[in-house]
Amino acid sequence: MRHVIALDVGGTGMKAALVGADGTLLHESRRATGREHGPEAVVEAILGFAAELRAHGEERYGQSAAAAGVAVPGIVDTANGVAVYAANLGWRDVPLRALLGERLGGVPVALGHDVRTGGLAEGRIGAGRGTDRFLFVPLGTGIAGAIGIGGTIEEGAHGCAGEIGHVVVRPGGPECGCGRRGCLETLASASAVSRAWAAASGDPEADAADCAKAVASGDETAARVWREAVDALADGLVTALTLLDPRRLIIGGGLAEAGETLFAPLRAAVRARVTFQTPPSIVPAALGDAAGCLGAGLLAWDLLATSDTLTTEVTG
Numbered sequence: 001m002r003h004v005i006a007l008d009v010g011g012t013g014m015k016a017a018l019v020g021a022d023g024t025l026l027h028e029s030r031r032a033t034g035r036e037h038g039p040e041a042v043v044e045a046i047l048g049f050a051a052e053l054r055a056h057g058e059e060r061y062g063q064s065a066a067a068a069g070v071a072v073p074g075i076v077d078t079a080n081g082v083a084v085y086a087a088n089l090g091w092r093d094v095p096l097r098a099l100l101g102e103r104l105g106g107v108p109v110a111l112g113h114d115v116r117t118g119g120l121a122e123g124r125i126g127a128g129r130g131t132d133r134f135l136f137v138p139l140g141t142g143i144a145g146a147i148g149i150g151g152t153i154e155e156g157a158h159g160c161a162g163e164i165g166h167v168v169v170r171p172g173g174p175e176c177g178c179g180r181r182g183c184l185e186t187l188a189s190a191s192a193v194s195r196a197w198a199a200a201s202g203d204p205e206a207d208a209a210d211c212a213k214a215v216a217s218g219d220e221t222a223a224r225v226w227r228e229a230v231d232a233l234a235d236g237l238v239t240a241l242t243l244l245d246p247r248r249l250i251i252g253g254g255l256a257e258a259g260e261t262l263f264a265p266l267r268a269a270v271r272a273r274v275t276f277q278t279p280p281s282i283v284p285a286a287l288g289d290a291a292g293c294l295g296a297g298l299l300a301w302d303l304l305a306t307s308d309t310l311t312t313e314v315t316g
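Quick note on numbering: my numbering labels position 141 of the sequence shown as 141, and the sequence is numbered without any gaps.
Spelled out as structure tokens, the structure:
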């Protein structure tokens with residue numbers, strides 16, 4: 001059976017799969033990224049994981065993977081296949097596409113940004129399916145975005161399109177890792193809500209999920225913390241929809257697991273802020289934490305489709 005290797009590399013863990021031509025996950029596996037051992041060890045862990053998947057495919061299906069797709073965090077030069085920088089993994093300028101291609105015996109490899117790759121999957125087979133313009137925004141440790149236009153994900157001139165988490169919504173607010181203050185992700189990410197609720201509740205172990213539960217139970221302090229995060233998020237999203245005019249906003253990540261505790265006030269806050277803009281539908285992501293891995297598989301199949309087309313043009 002023809003298949004590809006898909007890898008989604010996160011700050012603490014990696015998800016991987018063998019993906020069939022119809023998008024079926026033929027085999028799935030997970031393991032720790034091992035970032036505590038340093039960036040070189042992380043790279044070797046990725047290469048070794050991919051090689052194990054290749055061997056599994058050969059043993060199970062009698063043939064090697066036709067291609068591989070890998071999604072990584074941080075700044076990614078997809079054109080040249082370089083993982084430029086990732087603060088949570090500690091690497092710089094890693095020629096990951098070339099290294100994977102060599103380890104996998106020369107198969108073609110596609111490299112993508114984790115959020116944009118997840119957005120690709122949501123757009124084609126998830127909550128954005130059938131929508132010509134959408135914005136995918138996962139609310140996790142940080143906040144990023146993927147801009148979907150006509151079945152593709154916009155990368156921008158420098159590979160940084162969609163970085164909505166670094167739109168300043170509260171000037172002079174909390175300091176962000178990017179060096180500015182008041183960025184959206186310092187106020188409305190799952191991490192930001194966890195910090196705010198831990199401080200407000202006096203429980204250093206409390207997190208965003210605990211805050212959502214407290215909101216649902218009628219806790220007024222939790223409601224205030226939640227409202228401040230939702231208001232900041234709505235301000236950032238209205239800025240984005242003013243610029244991009246999407247038909248659909250797809251919200252994912254850990255904070256979206258709160259369901260209507262998040263979506264009901266968020267929809268209301270966005271509606272209250274728009275004037276001439278047409279409000280998009282605001283929906284939860286459909287693929288959960290499998291989006292990145294599924295998207296990496298799509299990148300690999302797209303790469304093969306391009307290669308097959310070029311081969312046909314040359315030989316035909």
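Backbone N, C-alpha and C fix where the C-beta goes; we use that ideal spot for every residue, glycine too. In this text, all values refer to a predicted model and were calculated from it rather than measured experimentally.
If you follow the beta strand (DSSP E) that residue i is part of, which residue opens it and which one closes it?
i	result
Val-169	It is not in any beta strand (DSSP E) - Val-169 carries neither H nor E in the DSSP assignment.
Phe-134	133-138
Ile-147	146-149
Ile-153	152-154
Is residue i helix, strand or coil when you go by DSSP?
i	result
Val-115	helix
Leu-104	coil
Asp-242	The sequence given here has Thr at residue 242, not Asp. Thr-242: helix per DSSP, three-state reduction.
Val-76	strand
Ala-261	Ala is not the amino acid found at residue 261; the sequence shown has Thr there. DSSP places Thr-261 in helix when its eight states are reduced to three.
Leu-310	Any reading at Leu-310 needs caution, since the residue's pLDDT is 44, under 50, leaving its predicted position unreliable; the model's value is listed next. Correct three-state label for Leu-310: helix.
Leu-89	coil
Gly-69	strand
Glu-228	helix
Val-84	strand
Val-193	helix
Ala-110	strand
Val-270	helix
Gly-297	helix
How big is the Cα-Cα spacing for residue i and residue j?
i	j	result
Ala-300	Thr-33	21 Å
Thr-275	Thr-239	12 Å
Arg-2	Leu-237	41 Å
Glu-313	Thr-306	Summary for Glu-313: the model assigns pLDDT 46, below 50, so the residue's position carries little reliability, and this model does not support an answer.
Leu-304	Ile-46	21 Å
Ala-214	Gly-145	28 Å
Asp-203	Ala-222	12 Å
Pro-39	Thr-278	45 Å
Arg-273	Ala-234	8 Å
Glu-59	Ala-41	27 Å
Ile-251	Glu-260	12 Å
Arg-133	Glu-220	37 Å
Thr-311	Asp-302	Because Thr-311 carries a pLDDT of 45, less than 50, the predicted location of this residue cannot be relied on, and no value is offered for it.
Gly-177	Ala-87	9 Å
Ile-149	Ala-291	18 Å
Ala-322	Ala-200	Given that the chain is displayed from residue 1 to residue 316, the structure contains no residue 322 and the question cannot be resolved.
Please return the same chain residues whose Cβ sits closer than 6 Å to the Cβ of residue i, not counting the five positions on each side in sequence.
i	result
Glu-185	Gly-142, Ile-143 and Gly-165
Thr-131	Arg-247 and Arg-248
Lys-15	Asp-8, Arg-30 and Cys-293
Ile-153	Arg-116, Gly-119, Leu-120 and Ala-146
Going by DSSP, name the residue or residues bridged to residue i.
i	result
Val-4	Val-19
Ile-282	Leu-249
Ile-125	Its beta-bridge partners do not exist; DSSP assigns none.
Ser-29	Ala-16
Thr-141	In the DSSP output, where bridge partners are listed per residue, Thr-141 has none listed.
Arg-181	Glu-175
Terminal residues of the continuous alpha helix (DSSP H) containing residue i?
i	result
Glu-44	39-61
Arg-35	Where Arg-35 is concerned, there is no enclosing alpha helix (DSSP H), given that its DSSP letter is neither H nor E.
Thr-186	185-188
Gly-211	Sequence check: residue 211 is Cys here, not Gly. Per DSSP, Cys-211 belongs to the alpha helix (DSSP H) from 208-216.
Which same chain residues, not among the five before or five after residue i, have their C-beta less than 7 Å away from its C-beta?
i	result
Ala-256	Leu-139, Leu-262, Pro-284 and Ala-285
Ala-296	Ala-6, Leu-7, Asp-8, Gly-69, Val-70, Ala-71, Gly-112 and Thr-117
Ala-208	Ala-190, Val-193, Ser-194, Trp-197, Gly-254 and Leu-255
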